[in-house]
Amino acid sequence: MTLKTLDSALALLSYFTVRQSTWGVRELAKYSGVHHAVVHRVLATFAENGYLIQHPETSKYSLGLRLFELGQVVRKTFTPEEIVRPVLEQLAGQCGETVFLSWLDGHQGLCIGMVQSQHQLRFSIELGERFALLAGAHAKAILAFQPSAFREAIYQQGKDSAATRADMEPHLDEVRQNGWAYTYGEAAAGVAGLAVPLWSPNHQAVVGSVSIAGPQQRIGETDQPQLISALLQASKNLEHVTGYVNPQA
């Protein structure tokens with residue numbers, strides 16, 4: 007159960023992002039759809055407590071030092087693994103297959119989290135393993151949501167970029183429409199994969215994917231709805247750590 011007033015106030019605070027770090031009261035009210043009087047009270051309260059700063063020359067607000075202090079506490083005490091591992095373990099328990107978290111790193115994918123299936127016959131991927139973005143559900147769930155210029159750069163890496171583009175774009179359109187990717191026999195013979203995109207905290211960009219992979223006979227069409235539901239929940243749970251994950255750290 008949440009406190010509605012606090013929930014609404016925190017929702018307004020979430021509009022302060024790297025892309026839009028400063029807001030005026032009426033500007034934020036118009037953008038958020040919240041009455042300007044409410045926005046004024048909320049922002050003024052945050053400012054009084056050091057969470058926002060009001061600039062005297064413009065009367066606009068930006069994030070304050072109190073949030074910086076809290077951020078330092080998080081940076082020194084929090085590790086993404088504390089959230090990533092339990093989420094992946096829960097997902098693996100639900101589906102019984104290998105599950106893994108991939109990150110977009112340059113023009114490649116990178117496996118940064120994984121829990122193996124307990125079945126003898128299973129799909130295997132190693133932590134730290136890189137992969138191209140042209141094959142497999144884990145790759146296509148990332149590539150489908152990238153800008154057209156990025157996708158074009160990926161296609162140029164293929165031997166026949168025109169053929170690659172013609173083959174990939176219809177499939178990526180389908181991934182974008184569905185919100186998830188399904189492939190079989192692409193990443194490895196006899197292996198099927200399901201994956202959903204992992205969005206950044208502000209939902210402005212896809213930064214990775216969460217995937218399930220295993221023998222095709224265990225991941226068929228009848229299994230997909232339940233598996234997709236579990237993947238979407240895992241992806242939602244992992245969005246909280248996307249701002250902290252740095253594969254090159």
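In our numbering, the protein residues as written are 7 to 255. Ideal Cβ placement from N, Cα and C applies to all residues, glycine included.
Please name the residue or residues paired with Arg224 in a DSSP beta bridge.
In the DSSP output, where bridge partners are listed per residue, Arg224 has none listed.
What is the C-beta distance between Leu76 and Ser68, in whole angstroms, given that I count them as a contact (C-beta under 8 Å)?
Between Ser68 and Leu76 the Cβ distance is about 16 Å, and since that is not below 8 Å, they are no contact.
Throw me the rounded Cβ distance for the Ala147 and Ala187 pair, which I believe falls under 8 Å.
Confirmed, about 4 Å.
Which one or two residues does DSSP pair with Trp186 in a beta bridge?
Answer is none; Trp186 lacks a bridge partner.
Please determine, among Leu200, Phe156, Ile160 and Ala150, the residue with the shortest C-alpha to C-alpha distance to Glu180.
Glu180 has its Cα closest to that of Ala150, out of Leu200, Phe156, Ile160 and Ala150.
Curious, which full-length alpha helix (DSSP H) runs of at least 4 residues does the region 28 to 82 contain?
Along the length of the region 28 to 82, whole alpha helix (DSSP H) runs at least 4 residues long occupy 31 to 38 and 42 to 54, reported in chain order.
Out of curiosity, what's the CA-to-CA distance linking Leu139 and Trp109?
Cα to Cα, the separation comes out at about 11 Å.
Mind checking who Ile218 pairs with in its DSSP beta bridge?
Paired residues: Val105 and Leu200.
Just reading off the alpha helix (DSSP H) that Leu116 is part of, what are its end residues?
Membership of Leu116 in any alpha helix (DSSP H) is not indicated; the residue belongs instead to the beta strand (DSSP E) covering Gln114 to Val121.
Cα-Cα separation, Gly70 to Gly30:
If you take the alpha carbons of Gly70 and Gly30, they lie about 15 Å apart.
Do Ser178 and Val202 have their C-beta atoms within less than 7 Å of each other?
The amino acid occupying residue 178 in the given sequence is Leu; Ser does not appear at that position. Their beta carbons are not under 7 Å apart, which means Leu178 does not touch Val202 by this criterion.
Please identify the residue among Thr189, Pro207 and Arg25 whose C-alpha is closest to the C-alpha of Gln230.
The shortest C-alpha to C-alpha distance from Gln230 to any of Thr189, Pro207 and Arg25 is the one to Thr189.
Do you know offhand how far Phe22's Cα is from Ser38's?
Phe22 and Ser38: Cα-Cα distance of roughly 12 Å.
Short check: CB of Ser217 to CB of His113, under 7 Å?
In this structure, Ser217 lies away from His113, with their beta-carbon atoms at least 7 Å apart.
Going by Cα to Cα distance, which pick from Glu54, Glu192 and Cys117 is closest to Gln222?
Per the Cα distances, Glu192.
Please classify Arg182 as buried or exposed, where buried requires at least 16 other C-beta atoms within 10 Å of its C-beta.
By the neighbour-count rule (16 or more Cβ atoms within 10 Å), Arg182 is not buried but exposed.
Is it buried or exposed for Gln210, if we count other Cβ within 10 angstroms and need 16 for buried?
Flag for Gln210 reads exposed.
What separation, rounded to the nearest whole angstrom, lies between the Cα atoms of Ala15 and Asn243?
If I take the Cα positions, the gap works out to 22 Å.
Cβ-based burial, Phe74 [other Cβ within 10 Å; buried from 16]:
By the 16-neighbour rule on beta-carbons within 10 angstroms, Phe74 is exposed.
Simplified DSSP state of Arg157, which is helix, strand or coil
Arg157: helix per DSSP, three-state reduction.
Which of the three DSSP states is assigned to Arg25 in this structure?
Taken through DSSP and simplified to helix, strand or coil, Arg25 comes out as coil.
Do you know how far the Cα of Ser65 is from the Cα of His46?
Going by the C-alpha atoms only, they are around 11 Å apart.
For Phe52, I'd like the list of residues in its chain whose CB is within less than 6 Å of its CB, leaving aside the five on either flank, ordered along the chain.
The answer, listed in chain order, is Leu58.
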